[in-house]
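As they're listed, the protein sequences go chains A and B.
Counting from 1, position 34 in the first sequence corresponds to residue 34 in the numbering used here; the numbering is continuous, with no gaps.
Counting from 1, position 202 in the second sequence corresponds to residue 545 in the numbering used here; the numbering is continuous, with no gaps.
Virtual Cβ for every residue (Gly too), placed ideally from N, Cα, C.
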Amino acid sequence: MSNARRTSLPAVAVFLVALLVVTVLLSLASGAFQISLSDLLRIIGDGPQRNLTDEVAHNVFWQVRLPRVVLAVVVGASLAVAGVIMQGIFRNPLAEPATVGVSAGAAVGAVIAIIVGLNQLPLGVQIAAFIGGTLSTALVYVLSRSDGKTEVVTLILTGIAINAFAGAVIGFAVFVADDDELRSVTFWSLGTLGLATWKAVGVVIPLALLGMLVSAKFARVLDTLALGDRPATHLGVRVEPVRLQAIAVVGLLASSAVAATGMIAFVGLLVPHIMRIVLGPRHRHLLWTAALLGATVTLLADLAARTLLSPAELPLGVVTALIGAPFFLLLLRSTRRSQGGWA
Amino acid sequence: MTTTIVAKNLLVKRANAVLLDDVSMEVNTGEFVAVLGPNGAGKSTLLGAISGDFPLTGGTVSINDSDVSTMNPKTLARLRAVLPQQIAISFPFTVREIVAMGRSPWLDSNDDERVESAMQRLEVASLQKRTYQTLSVGEQARVSMARVLAQDTPLLLLDEPTAVLDIGQQERFLAIARSLVDEGRGVVAVLHDLNVAMRFATRVIVLHEGRCVASGDPQTVLTPALLSNVYHQNIQVTTTTEGRSVILPEHHA
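Structure follows, in structure tokens:
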């Protein structure tokens, strides 16, 4: 008689919020230029207007660190929520924007935009990334489903194909790029929060908020979908329209995140999985707790990226992949065991 | 109030194979209709067709005179519940959570009470905090039935509900199904065991190669001649000392 182990929701909520607050403060204070906690509080109290007594700390905080932290929070939450929804609609814990190729599609959009010079236009690259991400989301959806089902193998193989194609396009871009473009291309394919500006934050926040608010309405339906398409239909769910809407939300969240920061893999895989172990699979709680943890994990990864080899900065996508890929392998093994093979 | 499901002249074709050929049936609340026939006769297809699972090549299915194919899915889900043969649940939901999913078409103040009583009735209340994946096949079948019961519909369509149960579990399960009928619900069940159909069903429908070859009271319909023809096996019907009919394959010595 082994009951499911679940941690109480209030305890988890308090812990996640506290963890996020601490991580935010730590991220604001740490980096190439250290700001002490007392300075930090004083600078926040001063507000964004110029303070002549401590100009460097003030500028670092308001112009560099804060937008970066805000962007990390929004992007991390978006990727985690996108992961939750994608796993729910494909009924598979291995689905996430990066493994199935949605992030790579967005990166390809961005890279093509850079090479053809669309980066001269305001937000040209971001819009291209958004289109690339949405197109690849649609592609994954169409290719990986047959007879109304998504086979695990097909899903993962579709991801491999899209990722390989993206790799080729990015490789080609690297080949033809000049020095300036090369830096941009590297940014999109490896992912970084280093170019966070208030402008980028301003673009991502509305899209992310919209995506997350809409996702809340899927919570109950995603639970029911776990029974399978037919049983869900028998319970009154319009499965295909719901799936299509949910896919659109994933495209919105993942593409806007990648458009702001480049490809950051595995956050959308790792975070929903951890929350599912802690709280159980009910999507009502999974969605917002995953958003909190996604923000924290992304902040921590970015902190590691900025400080490990300081003053040099690692690409964020490299850090998340270093942690995420082994985790993905473990997950692959356990999923395989529980499903009795892949056939 | 009676609820009636009527299927008229059902025709289902897939890739040139005719799965159902001009099958008609009617089920009212207060009836236990068993759908019988050999493997491949079209039993599950018939159940899927009356559930509204797929578009029909021909014919109509209606509940209380509304066409199932155009009915609002939620309205339909409040009229009939479906128990599929076996389901794989993709995440580690607990038994209680799964039974509660049966309430999705309602979501009202009765939810907790209905979930509770469905779990009691199927004897899965003690399992409610366990995850579905850790249960035995028989327990999983009972949990799925509890979910269907929590849906609280006048009609229940069950596809081989007893296939994975042992003889004791099967008896208890069918007694529950029969008690639902006595309460005024209607049950359609695809069954393999002819003796079970004989004892529990108020009416049987026998399918053979996609056609309905017999329908009516089990005692009159299930004759050695019909069964021997349909199953390609000599079958005899004998009567026990208590007066119960028993269906047996003929023994080749």
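Residue-level contact to chain B via CB, residue i, 9 Å cutoff
i, result
"residue 154(A)", "no"
"residue 2(A)", "yes"
"residue 92(A)", "yes"
"residue 280(A)", "yes"
"residue 23(A)", "no"
"residue 341(A)", "Summary for residue 341(A): the model assigns pLDDT 45, below 50, so the residue's position carries little reliability, and this model does not support an answer."
Interface flag, residue i vs chain A, CB-CB below 9 Å
i, result
"residue 459(B)", "no"
"residue 417(B)", "yes"
"residue 466(B)", "no"
"residue 388(B)", "no"
"residue 370(B)", "no"
"residue 472(B)", "yes"
"residue 485(B)", "no"
"residue 513(B)", "no"
"residue 427(B)", "yes"
"residue 358(B)", "no"
"residue 348(B)", "no"
"residue 584(B)", "no"
"residue 413(B)", "no"
"residue 423(B)", "yes"
"residue 420(B)", "yes"
CB contact flag (residue i, residue j, <9 Å)
i, j, result
"residue 162(A)", "residue 258(A)", "no"
"residue 478(B)", "residue 442(B)", "no"
"residue 77(A)", "residue 212(A)", "yes"
"residue 530(B)", "residue 570(B)", "no"
"residue 84(A)", "residue 305(A)", "no"
"residue 582(B)", "residue 589(B)", "yes"
"residue 344(A)", "residue 104(A)", "No answer is possible for residue 344(A): it lies beyond the span of chain A, which begins at 1 and ends at 343."
"residue 602(B)", "residue 434(B)", "This structure cannot settle anything about residue 602(B), because the visible part of chain B is limited to 344 through 596."
"residue 407(B)", "residue 390(B)", "no"
"residue 303(A)", "residue 27(A)", "yes"
"residue 551(B)", "residue 381(B)", "yes"
"residue 294(A)", "residue 317(A)", "no"
"residue 231(A)", "residue 430(B)", "yes"
"residue 37(A)", "residue 296(A)", "no"
Supposed contact pair residue j and residue i - C-beta distance, whole angstroms, cut 8 Å
i, j, result
"residue 347(A)", "residue 262(A)", "No answer is possible for residue 347(A): the residues shown for chain A start at 1 and end at 343."
"residue 385(B)", "residue 362(B)", "5 Å"
"residue 233(A)", "residue 239(A)", "5 Å"
"residue 115(A)", "residue 177(A)", "7 Å"
"residue 359(A)", "residue 265(A)", "Within the shown structure, residues of chain A are numbered from 1 to 343, placing residue 359(A) beyond reach of any answer."
"residue 292(A)", "residue 17(A)", "7 Å"
"residue 465(B)", "residue 489(B)", "4 Å"
"residue 377(B)", "residue 532(B)", "6 Å"
"residue 283(A)", "residue 88(A)", "6 Å"
"residue 657(B)", "residue 507(B)", "Chain B is shown only over 344 to 596; residue 657(B) falls outside these bounds and no answer can be derived."
"residue 194(A)", "residue 313(A)", "6 Å"
DSSP beta-bridge partners of residue i
i, result
"residue 535(B)", "Paired residue(s): none; residue 535(B) is not in a bridge."
"residue 369(B)", "349(B)"
"residue 410(B)", "405(B)"
"residue 575(B)", "Per DSSP, none; premise fails for residue 575(B)."
"residue 559(B)", "547(B)"
Residue i CB to nearest heavy atom of the ligand ATP below 8 Å
i, result
"residue 438(B)", "Judged by which ligands are present, the structure shown has none, so any question about the ligand ATP falls away."
Quiz prompt | Contact set between the segment 231-248 of chain A and chain B, restricted to residues whose Cβ is under 8 Å from the partner | solution = 231, 233, 234, 235, 236, 237 and 238
Quiz item: Taking a cut of 7 Å between CB atoms, which residues from the segment 391-406 of chain B lie near chain A?
Solution: Residues of the segment 391-406 of chain B whose Cβ lies closer than 7 Å to any Cβ of chain A, in chain order: 394 and 396.
Quiz item: When you check each C-beta in the segment 432-448 of chain B against every C-beta of chain A, which residues fall closer than 8 Å?
Solution: 432, 433, 434, 435, 436, 437, 440, 441, 444, 445, 447 and 448
Quiz item: Going along the segment 202-228 of chain A in order, which residues come within less than 9 Å of chain B, judged by CB to CB distance?
Solution: 220, 221, 223, 224, 225, 226, 227 and 228
Quiz item: Which residues, in chain order, does the segment 276-300 of chain A contribute to contact with chain B at a C-beta distance below 8 Å?
Solution: 276, 280, 281 and 282
Quiz item: Which residues, in chain order, does the segment 504-535 of chain B contribute to contact with chain A at a C-beta distance below 9 Å?
Solution: none
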